[in-house]
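Residue numbers (this note's numbering): 149 to 446.
The beta-carbon is built from N, C-alpha and C at its ideal position, and this holds for glycine as well.
Right, one structure below, let's go through it.
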């Protein structure tokens, strides 16, 4: 009996030592051993990952489930410039005229002609006033350009857009320069015929009519009351509707102080059809050819 009492005392003392050791190590564990509910909460807390005290460097970015294997395109945005033109527009051909309400036609000086070299072809720059260049036009003529009886040969103007592609082509028919009647005719075409500009017989000044491909008249062009051989250097042409009710656009030949030369300024509504804009641009070159060809640079 005495031995049993001693063994029981030893077990109780051993248990007290263990409890004391546990109490020294962690008081919270003693509490959670007494309270079962708190022990369950402690076990749930132990599953939370530790909080790091030092700085953490993230080496892998979080990604979603839909991971694409496509390599990103290296696009540089250093030189991007904001423009009012919509980037969804078709930027080819005559569509460059969309959203434009003024065009300035400038003659490009060709130094080959000054030194007597070959290849003296007339070149023009079609641009927004004080803005970007929209087209570059190069003129091509026949060898027998003009004879002693004032025969005007045909010529072709090829317009290149900003992409370096042919936007449209202007062609003039060969006629006798001072022959009366609707003889001077100019056609504008792209992939298809856009229309034509034809001169009307008039003794009160220049008169022209603009037609669509089906020969339907679109508008009339009237110049100042002056003969073609003595046209004013600074002149204005009015572009009037077919019924004569209102002015649709204007064309002015004027002096430009910036480039020190005469230029054409074509003004039309912003929402005007681009095909009609192309025809009016062709009409500008017809006026240049008939009345102001020898005025440039003088």
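Nearest-angstrom Cα distance between residue i and residue j?
| i | j | result |
| --- | --- | --- |
| residue 417 | residue 441 | 27 Å |
| residue 234 | residue 430 | For residue 234, the predicted structure reports a pLDDT of 46, less than 50, and the residue's modelled location is therefore unreliable. The matter cannot be settled from this model. |
| residue 272 | residue 284 | 6 Å |
| residue 420 | residue 331 | 28 Å |
| residue 309 | residue 317 | 11 Å |
| residue 322 | residue 379 | 22 Å |
| residue 398 | residue 381 | 16 Å |
| residue 278 | residue 341 | 31 Å |
| residue 383 | residue 339 | 33 Å |
| residue 363 | residue 253 | 27 Å |
| residue 439 | residue 280 | 27 Å |
| residue 353 | residue 282 | 31 Å |
| residue 247 | residue 425 | 11 Å |
| residue 225 | residue 396 | Summary for residue 225: the model assigns pLDDT 44, below 50, so the residue's position carries little reliability, and this model does not support an answer. |
| residue 313 | residue 386 | 31 Å |
Are residue i and residue j touching if we call contact CB-CB under 8 Å?
| i | j | result |
| --- | --- | --- |
| residue 414 | residue 245 | no |
| residue 365 | residue 388 | no |
| residue 257 | residue 286 | no |
| residue 371 | residue 423 | no |
| residue 373 | residue 356 | no |
| residue 412 | residue 394 | no |
Since I believe residue j is in contact with residue i (beta carbons under 8 Å), could you give me their beta-carbon distance rounded to a whole number of angstroms?
| i | j | result |
| --- | --- | --- |
| residue 315 | residue 242 | 6 Å |
| residue 358 | residue 427 | 5 Å |
| residue 303 | residue 320 | 5 Å |
Between residue i and the ligand SAM, is the CB less than 7 Å from at least one heavy atom?
| i | result |
| --- | --- |
| residue 399 | Ligands are entirely absent from the displayed structure, and the ligand SAM is therefore not among its contents. |
Given 8 Å as the limit, is there contact between the region 403-410 and the region 343-354, that is, 3 or more CB pairs closer than that? no
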